[in-house]
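Residue numbers (the working numbering): 75 to 313.
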């Protein structure tokens, strides 16, 4: 199942809804990247408004990874960087329960769950080195993982922390599924794109299937502002 797509036009991520054939609980699965156009994060927030709960990564403020990449792209004069911002989704404004399964990473996070001073400093210190690498490579994507194979964990390195975070995420999802499987409601999962393939496989194992009319969000567009799109999927790799 294709979760993300990179082309000469830009980079975009999917919004998929999973439900069992008999109906009931619907999972809204939104893989994200940690930097993009502000409209990209606004579109994610708008989609979350219909959900009864959201499962998200620990930081719902700007991501240190996104800040580092966005700043490095500007420093290395990448053309696409002019309108990019680090990830910033205002979950608190949704007024629904927000669950952070990886909260063990920051047990003393402040109420607004913003980056700590230490993380912000690390992001600033890392920026020149990443910018130098980007300038040498000539392409910011050369510094990233193989996005074309993002759907397949066999080609993406996984460390113990990745596995632990995903285990916690799946544990929370299983608890919700056990209690609310028959409910006519939506629960969203908004996690970094690298974590979503295992979520999709787990849902398939529980009997969930992707509904048609998947939506696509443009995170980085080389020629125009990010918009919510529903393109034809003809010829795209899928299950």
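No residue lacks a Cβ here, since even glycine has one placed at the ideal position from N, Cα and C.
Here DSSP, grouped into helix, strand and coil, assigns residue 291 to strand. When Cβ pairs closer than 8 Å are counted between the two stretches, the stretch 119–131 is seen to touch the stretch 164–171, the count reaching three or more.
Residue 90 carries a strand assignment under DSSP once its states are collapsed to helix, strand and coil. It is roughly 22 Å from the alpha-carbon of residue 91 to the alpha-carbon of residue 161.
Cα atoms of residue 132 and residue 123: separation of roughly 19 Å, rounded to the nearest angstrom. A distance below 7 Å separates the beta carbons of residue 239 and residue 176. Note that the C-beta distance between residue 268 and residue 93 is not below 7 Å.
Under the DSSP assignment, residue 111 falls outside any alpha helix (DSSP H), being part of the beta strand (DSSP E) whose first and last residues are 109–111.
Residue 95 has its alpha-carbon roughly 14 Å from the corresponding atom of residue 257. Beta-bridge partners assigned by DSSP to residue 247: none are found. Counting along the chain, residue 275 sits inside the alpha helix (DSSP H) bounded by residues 270–279. Shown here for residue 272: same chain residues with a beta carbon closer than 6 Å to its own, the five before and five after excluded, namely 240 in chain order.
A Cβ-Cβ separation of about 5 Å places residue 129 in contact with residue 263 under the 8 Å criterion. Comparing C-alpha distances from residue 127 to each of 104, 102, 170 shows the shortest one belongs to 170. In this model, residue 245 and residue 105 are separated by some 18 Å (Cα to Cα). Between the C-alpha atoms of residue 280 and residue 274 there is a straight-line separation of about 10 Å. For residue 276, the CB contacts under 6 Å within the same chain, skipping 5 residues up- and downstream, are 244 in chain order. Leaving aside the five residues that flank residue 242 on each side, the residues in its chain whose CB is nearer than 7 Å to its CB run, in chain order, 175, 176. Of the other Cβ atoms in all chains shown, 16 or more fall within 10 Å of the Cβ of residue 247; this residue is therefore buried.
The beta carbons of residue 157 and residue 108 sit about 16 Å from each other, so the pair does not count as a contact at 8 Å.
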